[in-house]
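In what follows, a single structure is set out as C-alpha cells and then discussed.
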Amino acid sequence: MMKAEFDGKVFFYCCPPGSPENQAYQHPMICLAEGFRELGIEFYADRNYWRISPATDEYLFQFNPDVTPDDCAIVIMDTEWFTNGRPFPEGLFKRDRRYITAYFGLHELMHSMQPEFRQFDFIFRGYYNQRFKYPANIRPWAFGLTERILRETKEIPDFSTRQKNLIVNFRHSKKHIHSVRKTVEKEFLPAIRPILSIDDAIDHVDAYSSDPYHHLQWVQTGKRHYPGYYKRLRESVACACFGGFFVPPVSRDQRSVLSRTLKRLLGQLGLKAGTVLQWDSWRFWEALAAGCVAFHIDLEKYGCLLPEMPENWRHYVGIDLNNVQAAIARLMDEPELLETISVAGRQWALEHYSPVPTALRFLETVSPKLL
Numbered sequence: 001m002m003k004a005e006f007d008g009k010v011f012f013y014c015c016p017p018g019s020p021e022n023q024a025y026q027h028p029m030i031c032l033a034e035g036f037r038e039l040g041i042e043f044y045a046d047r048n049y050w051r052i053s054p055a056t057d058e059y060l061f062q063f064n065p066d067v068t069p070d071d072c073a074i075v076i077m078d079t080e081w082f083t084n085g086r087p088f089p090e091g092l093f094k095r096d097r098r099y100i101t102a103y104f105g106l107h108e109l110m111h112s113m114q115p116e117f118r119q120f121d122f123i124f125r126g127y128y129n130q131r132f133k134y135p136a137n138i139r140p141w142a143f144g145l146t147e148r149i150l151r152e153t154k155e156i157p158d159f160s161t162r163q164k165n166l167i168v169n170f171r172h173s174k175k176h177i178h179s180v181r182k183t184v185e186k187e188f189l190p191a192i193r194p195i196l197s198i199d200d201a202i203d204h205v206d207a208y209s210s211d212p213y214h215h216l217q218w219v220q221t222g223k224r225h226y227p228g229y230y231k232r233l234r235e236s237v238a239c240a241c242f243g244g245f246f247v248p249p250v251s252r253d254q255r256s257v258l259s260r261t262l263k264r265l266l267g268q269l270g271l272k273a274g275t276v277l278q279w280d281s282w283r284f285w286e287a288l289a290a291g292c293v294a295f296h297i298d299l300e301k302y303g304c305l306l307p308e309m310p311e312n313w314r315h316y317v318g319i320d321l322n323n324v325q326a327a328i329a330r331l332m333d334e335p336e337l338l339e340t341i342s343v344a345g346r347q348w349a350l351e352h353y354s355p356v357p358t359a360l361r362f363l364e365t366v367s368p369k370l371l
C-alpha cells in the first residue's frame, strides 16, 4: 500500500514524559510516526510527546483538542502504556467504532498474550519465534530504526580504517544473564579472539553528554542514548548482538509453567536448546545501521522471525552455538567477508527498517481491515 491509498488520520496514545529513570520510551510508535510524517500522513496524539529539538518546543506527536480517536482510521498504542500501570483507554473497543486498533509489544512477553488483548485488531510483537503458537491477531515485528539512530550512523568511515574490534557491551547483571549470552561468553568469545579483539567497555548509565541535543535524547530514551557508543560502532569492525533465552519447544505456549520453568533451568545450568526467545535488541539495529557487522545467533536456526528476514552471512553473522568452530573457520578462510557483510547489512537495514518502509509495511498489513 502506498501513501496515495491511505488518506485517513492516525491517533496515538502516548505516555507522559518522566525522569530519565522512569521514562516511557515508545520506540516503535516513534519509528511509525517518523515514517508517516515523511509520507505526508496526518497523525495526532492524546498529548505532546517526543520533543524534536532542545531549541524548540516542537513535538513529533502533537495533541489537538479538536481530534479524537473517532476522527481517525487507526488508533495505536504500545507496551509502555500498560507497563506504566494504565488501564485501557475508555471506550477504545466500543462496538460502533469506525477505526481499527493496533498494539505494539516489542519488548514484552506476557501482556499481548492475555485474553483482553484479543480485542485489538492487530498486535505487532517483538521477539517472535515461529515455533510457538500465537493468537490470530499477532504479527511479527522488529525494533528497527528511528531518525535518532540514523542521525548517529549517517556518516561512516571506510571499512579499512575500522579497528579490528568486536564490541561486547551487554548490560546484564550476573544474576539475570541471558542464557544465550552465558553460552556466548563461555564458548564464542574465546574462539573469536584470534580474529577480533574484544572491546568490552560499557558506558555508565549516567555518563550523559552535556551537548543539549544528546542530553535531550538521553532523557527521552530513558538513558539509552550515548554518542560515544555510536562512535565506537562507526569505528569498529563488529558488534556482539547476542541476546535471549534458550527454551525447548516442549510446550508451544510460552506462558505455560513448563516453558517458564525450562527457560529458567536452562539459564541456571548453562544448557542450550534449539529455540530462543527475547532475542531482538536495539543493539542489533544500531550495529547494522553503523555498518558494524552484527554477530548474533543464526536467527532462522533458532526459530526467530521478522517481517523481512536478513540473510545469514550476507547481512549479519549468525552463529550456530552448537558449532561455533564452523563460523570461526569460515571467518579465517574468508577474511574479506566482514567488509562485504558490513556494506550489505547496512543497506538491508536502511532499505527495510528505516521509518518510511516500516510505516508502509504497517499500512500494508492493516489495510484489509480499514473501512
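Mapping the sequence shown onto the working numbering, position 231 (from 1) lands on 231, and the numbers just tick up by one.
Ideal Cβ placement from N, Cα and C applies to all residues, glycine included.
Excluding five sequence neighbours on each side, which residues of the same chain lie with their C-beta closer than 8 Å to the C-beta of residue i?
| i | result |
| --- | --- |
| M1 | Because the pLDDT at M1 is just 42, under 50, the model does not fix this residue reliably, and the value given afterwards should be weighed accordingly. So the list reads L360, L363, E364, S367, once near-sequence residues are dropped. |
| A4 | For A4, the predicted structure reports a pLDDT of 48, less than 50, and the residue's modelled location is therefore unreliable. The matter cannot be settled from this model. |
| H204 | none |
| L321 | V180, T183, V184, E187, F188, K272, I297 |
| G291 | T153, I156, F159, R234, S342, V343, G345, R346 |
| Y213 | S53, P54 |
| D206 | K223 |
| S281 | F143, C241, G243 |
Leaving out five residues before and five after residue i in sequence, what residues of the same chain have Cβ atoms less than 7 Å from its Cβ?
| i | result |
| --- | --- |
| F117 | Y103, H111, I123 |
| P20 | W218, V219, G222, K223 |
| W348 | P310, H315 |
| W81 | Y13, C15 |
| R162 | E235, S236, V237 |
Going by DSSP, which residues form a beta bridge with residue i?
| i | result |
| --- | --- |
| I149 | The partner list for I149 (beta bridge, DSSP) is empty, contrary to what the question assumes. |
| P140 | R125 |
| T101 | V75 |
| S197 | N165 |
| V293 | A238 |
| G318 | H296 |
| F11 | Y44, V75 |
| F246 | V276 |
| N312 | Y316 |
Could you confirm whether any beta carbon from chain C is found closer than 8 Å to the beta carbon of residue i?
| i | result |
| --- | --- |
| F93 | Absence of chain C from the displayed structure is noted, only one protein chain being present. |
For residue i, which three-state DSSP category applies?
| i | result |
| --- | --- |
| D211 | coil |
| C31 | helix |
| I328 | helix |
| I41 | coil |
| R51 | strand |
| S354 | coil |
| Y134 | coil |
| L306 | coil |
| V67 | coil |
| Q59 | Per the sequence shown, residue 59 should be read as Tyr rather than Gln. Residue state, collapsed to three classes: strand. |
| V276 | strand |
| F93 | coil |
| N22 | helix |
| A342 | For the record, residue 342 in the displayed sequence is Ser; it is not Ala. Helix at S342. |
| K182 | helix |
| L106 | coil |
| E155 | coil |
| Q114 | coil |
| I192 | helix |
| P17 | coil |
| G85 | coil |
| D333 | helix |
| V205 | coil |
| T365 | helix |
| K231 | helix |
| S160 | helix |
| R171 | coil |
Throw me the rounded Cβ distance for the residue i and residue j pair, which I believe falls under 8 Å.
| i | j | result |
| --- | --- | --- |
| L299 | Y127 | Rounded, the Cβ-Cβ distance is 12 Å, inconsistent with contact. |
| E286 | I149 | 6 Å |
| M29 | I74 | The Cβ separation is near 12 Å, so there is no contact. |
| A142 | Y302 | That belief does not hold up - the Cβ atoms of A142 and Y302 are roughly 16 Å apart, past 8 Å. |
| T358 | L32 | 6 Å |
| L166 | F295 | 7 Å |
| R51 | Y59 | 6 Å |
| P355 | G35 | 4 Å |
To which residues of the same chain is residue i closer than 6 Å at the C-beta, ignoring the five residues directly before and after it?
| i | result |
| --- | --- |
| G18 | none |
| D374 | No statement about residue 374 is possible, as the shown extent of the chain runs from 1 to 371 and does not include it. |
| G8 | A73 |
Tell whether a beta-carbon distance below 8 Å holds between residue i and residue j.
| i | j | result |
| --- | --- | --- |
| K164 | L196 | yes |
| F159 | C72 | no |
| N129 | C241 | no |
| L338 | V293 | yes |
| T275 | P248 | yes |
| N64 | A24 | no |
| N169 | I202 | yes |
Any heavy atom of the ligand ADP closer than 7 Å to the beta-carbon of residue i?
| i | result |
| --- | --- |
| D71 | In the structure on display, the ligand ADP does not appear, and there are no ligands present to speak of. |
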